[in-house]
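Novice:
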Amino acid sequence: MNGIFTSRIAHSSLIGLVLFALPASTSADDIQYRQEMAAAVRLATQRVLPSVVTVEVIGTSGTVKGEVAQDAPTCGVIVGQDGNAVEILASNIVLRGTAATILVVLPNGSRHAASVVAKDNHRDLVLLKIETDEQVSAVDLPDQSQLPIGSTTIAIGRYGENQSPMISTGILSATGRLDGIAIQTDARVSAAMYGGPLIDLYGNVLGILIPAVAAGGAEDSTSWYDSGIAFAIPADVIAKKLQRLRDGQDINKGLIGIVAGSADANEADTTIAAVRTRSPAEAAGIKAGDTVKSVGGQLVRRHQEIKQALGSLDAGESVAIVVTRDDQEMTFDVTLADSIPPLDPQRLGIVASQSDANVVVDATVAGSPSDDVLLAGDVIKKFGGNDVGNVDRLRRQLITAESDQSIELKVMRDGKLITKTLTPQSIGGPVQEGYPDAWSSDELTDDSMKELTKNWAIAEIKLPDAANVAAILAPKASKPSKDDQPSAQDLGLLVLLLEPGEKDPQKVLESWKFDAASSGVVMVAIASEDASRWQAKEVQVIANFAAAAMKKAPIHSTAVAVASSGSLAKGKVSAADSMAIAVAISQSETFFGVAFGTDTRPPAVRLRENEPATSLQILMPVKDPIDLPEWIPALKRAGYPVVLGGDVDQQVLLRWCRLLQAI
């Protein structure tokens, strides 16, 4: 067979006939088995290859006005023909740019302009249509598929002018992945194979390959794939959805609007911390404090199971949710929606800690809604009539709270339960200028500041699997914070990404030492591996550096931000700014803040809605919203609050970082 084959054993591309490199000690039985397996793969592939096409995208580049660019081709599968109309199912990666033309290249090399019939946004698929008088071969999609875990799988694609086949074998390693929508294989799948079929050894279609895209995106729309894991939408699911797509109906993920009460989705706890405003859950009557018992008849014990049970449902579908409330069991029929009003995260302006089952106010932020209303030592028992329980739950209740609405708090003060009413403040808007008295260094003498700075040191920090040069600025003698016992004295952590070509992070940190020490923020400066650019693979590396730093000092888990020097009012915008955005959004469980310059070019991010559990805020050196970049409203619509930093200097940036822990 003329093509490219990637075996699970060799994991390398071989052009031409499938060959297996055999050691001298290989037995005759092994040789025969491998030969028979290769023959089976060839036969199975030949059944499906006539239905596999190439999809080319020709669009208008955003870098130079009017410049025409062509993205790397991907694949598609012919799923039907009605007269001259041919239907092709492809990955919606072909729609992630602004396409001037989508071309489908048939196996014989003929090119045809394609139109979009409908999109399955939930499963990253798109149905295309071309017109041709050629007779084509369409695949059969099964009504049900029950291939056992461990079965052999074959991923198929095409590439190049000659439409050469690309073939990769693996096993079916998991089902119900990506929150219940995908099956998983360990076949090596490149971006060029997205939209191609995943089949079994008999040539039956198991699914359509989709991008294993990180939550945040990448430097380009084909950068994010894991060579050890690939995902496909099951063929039987596609068969059930195909008629809706043929009818021109877009399909969207079903949203419910409940917020987990536990910080760990795998913890044995299904309590709802908050219900999103104007969400299906609110409309159905579900309330904060309810404990979910089952979803669609499936018993659940943790929020990850709730997410999994809801994950395969589309907008417009209904599901029965059983909850307990005040020791009574209640059932709600919820019709899922395709959208929920975006978050407008709110804050009280307190720094709080956990004491047993109590949320204790450690400090208030000057000028915030809580200033002169709440006092250090107050214990918050109820928020808007709902039990608070823990700091994480209170934080999520604030993040999902409606703006400009007064809230009644039940507070224990000096042994008495009192009521306080205040109106939370939107996080988006002018940067918070106040700072807790316990953190402020404004009253320190010069000698005191010199002594404080002497206790902070700069050192190299290394990771065993990273080539990046990095340095850390932190207190000389400190211990990491315990995650279950946050303290008002916990420090912040700012990860500073250097401009490509800057290779001396220790020198860079020297100019930050005074402000970092006085603000109580540990810093990690990281240079790019390649002197000319930041790379997509470094996103995880940056998160790993942050995790390593958090083991060296008492850092609050939510006071972690990533930034570049471009975020300063006098800073220079570089590729580090774009990288900071990709890192913050894709590593949302690590970073709760991101700062970058106004001239930043946004990365091709696969933007997801800001989540209450890992809410991210953005700081920019802007005084007036009118000066924000034209692409920022898209982030706001996704629920990301934008903080207007004004003339951001080092101290403003660092104080903002530490205040990320404030509620």
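Per mature numbering (1 follows the signal peptide of the UniProt record, and there is no 0), the sequence shown runs over residues -28 to -1, 1 to 635.
The beta-carbon is built from N, C-alpha and C at its ideal position, and this holds for glycine as well.
1) Which residue's Cα is closest to the Cα of G81: L607, V24 and R385?
2) Report the residue from L21, L282 and L435 whose alpha carbon sits nearest the alpha carbon of R138.
3) Determine, using beta-carbon pairs with one atom in the region 236 to 251 and one in the region 201 to 214, whether at least three such pairs fall under 8 angstroms.
4) Kindly list the residues whose CB is nearer than 8 angstroms to the CB of A606, restricted to its own chain and excluding five residues on each side of it in sequence; keep chain order.
5) Under the three-state reduction of DSSP, which class applies to L445: helix, strand or coil?
6) Can we say the region 291 to 311 touches the region 259 to 274, given the rule of at least three CB pairs closer than 8 angstroms?
7) Which whole-angstrom value is the C-beta distance of Y166 and I30, which I expect to be below 8 angstroms?
8) What is the C-beta distance between V360 and W628, in whole angstroms, given that I count them as a contact (C-beta under 8 angstroms)?
9) Q107 by DSSP, collapsed to three states: which one?
10) For T263, which residues does DSSP report across the bridge?
11) Indicate the three-state DSSP secondary structure (helix, strand or coil) for Y5 in the structure shown.
12) In angstroms with no decimal places, state the Cα-to-Cα distance between A373 and Q461.
13) In terms of DSSP beta bridges, what is A85 paired with?
14) The beta strand (DSSP E) spanning M384 covers which residue range?
15) Would you check if the distance between the CB atom of R319 and the CB atom of G464 is smaller than 7 angstroms?
16) Pop quiz: V467 and I433 are said to be a contact at Cβ under 8 angstroms. What is the actual Cβ separation, rounded to whole angstroms?
17) Quick one: Cα of G286 to Cα of S266, how far?
18) What's the gap between the Cα of T32 and the Cα of R68?
19) Closest by CA to L97, which one among V337, L217, L173 and S87?
20) Among S550, A253, T562 and W506, which one has its Cα closest to the Cα of S529?
21) Tell me, which residues are paired with Q318 by DSSP?
22) Is the beta carbon of F568 closer than 7 angstroms to that of S536?
23) Suppose you measure from the CA of L481 to the CA of S140; what does that come to, to the nearest Å?
24) Assign N134 to one of two classes, buried (16 or more other C-beta atoms within 10 Å of its C-beta) or exposed (fewer than that).
25) Return the residue from the list R367, T263, G48 and I278 that minimises the CA-CA distance to G179.
26) Can you grab the Cα-Cα spacing for the pair L75 / P169, in whole Å?
27) CB-CB under 6 angstroms to Q633, same chain, minus the five flanking residues each way: which ones, in chain order?
28) Residues in its own chain within less than 8 angstroms of Q623 by CB, not counting five upstream and five downstream?
29) Secondary structure at L466, three-state DSSP: helix, strand or coil?
30) What whole-angstrom Cβ distance do G473 and A503 have, given they're in contact under 8 angstroms?
31) Please list the segments of the beta strand (DSSP E) lying wholly inside the region 211 to 245, counting only runs of 3 or more residues, in order along the chain.
32) Quick check: is any heavy atom of the ligand ADP less than 6 angstroms from the C-beta of K354?
33) With a threshold of 6 angstroms on Cβ separation, who are the neighbours of D350 within its own chain once the five nearest residues in sequence on each side are excluded?
34) Could you check what DSSP says for R169 in three-state terms: helix, strand or coil?
Specialist: To lay it out plainly:
1) For the residues L607, V24 and R385, the minimum Cα distance to G81 belongs to V24.
2) Sequence check: residue 138 is Met here, not Arg. Checking every option, the nearest Cα to that of M138 belongs to L21.
3) No, the region 236 to 251 is not in contact with the region 201 to 214.
4) Counting only Cβ-Cβ distances below 8 angstroms, and skipping sequence neighbours, we find L579.
5) Strand.
6) Touching, yes.
7) About 17 angstroms separates the beta carbon of Y166 from that of I30, a gap too long to meet the 8 angstroms contact definition.
8) Taking C-beta atoms under 8 angstroms as the contact rule, V360 and W628 fail to qualify, at a distance of about 26 angstroms.
9) Coil at Q107, not helix or strand.
10) DSSP, once it has assigned bridges, lists T243 and T296 as partnering T263.
11) In this structure, Y5 counts as helix in the three-state DSSP scheme.
12) Distance between the alpha carbons of A373 and Q461 is about 27 angstroms.
13) In the DSSP assignment, A85 forms a beta bridge with L75.
14) Here the beta strand (DSSP E) through M384 covers I379 to R385.
15) Not in contact: R319 and G464 (Cβ atoms no closer than 7 angstroms).
16) That pair is no contact at about 11 angstroms.
17) In the sequence as presented, Gly is not what sits at residue 286; that position holds Asp. Linking D286 to S266 through their CA atoms gives a straight-line distance of about 18 angstroms.
18) Because the pLDDT at T32 is just 44, under 50, the model does not fix this residue reliably, and the point stays unresolved.
19) Here the closest residue by C-alpha is L217.
20) In terms of Cα proximity to S529, the closest of S550, A253, T562 and W506 is T562.
21) For Q318, which the question treats as bridged, DSSP gives the partners S398.
22) Their beta carbons are under 7 angstroms apart, which means S536 touches F568 by this criterion.
23) C-alpha separation (whole angstroms): 47 angstroms.
24) Counting every other CB atom within 10 Å of its CB across the protein chains shown gives N134 a total below 16, marking it as exposed.
25) Of the listed residues, the one whose Cα sits closest to G179 is G48.
26) Roughly 19 angstroms between the two C-alpha positions.
27) Beyond the five residues adjoining it in sequence on each side, Q633 comes within less than 6 angstroms, by CB distance, of H528, T530 and A531 in the same chain, given in chain order.
28) These residues qualify, in order along the chain: D487, S490 and S491.
29) Here L466 sits in strand by DSSP.
30) Your pair G473 and A503 checks out as a contact, with CB atoms roughly 5 angstroms apart and the cut at 8 angstroms.
31) Along the length of the region 211 to 245, whole beta strand (DSSP E) runs at least 3 residues long occupy 230 to 232, reported in chain order.
32) In terms of ligand content, the structure shown is empty, and the ligand ADP therefore cannot be addressed.
33) Counting only Cβ-Cβ distances below 6 angstroms, and skipping sequence neighbours, we find V333, V383 and R385.
34) Note on residue identity: the sequence assigns Pro, not Arg, to residue 169. Residue state, collapsed to three classes: strand.
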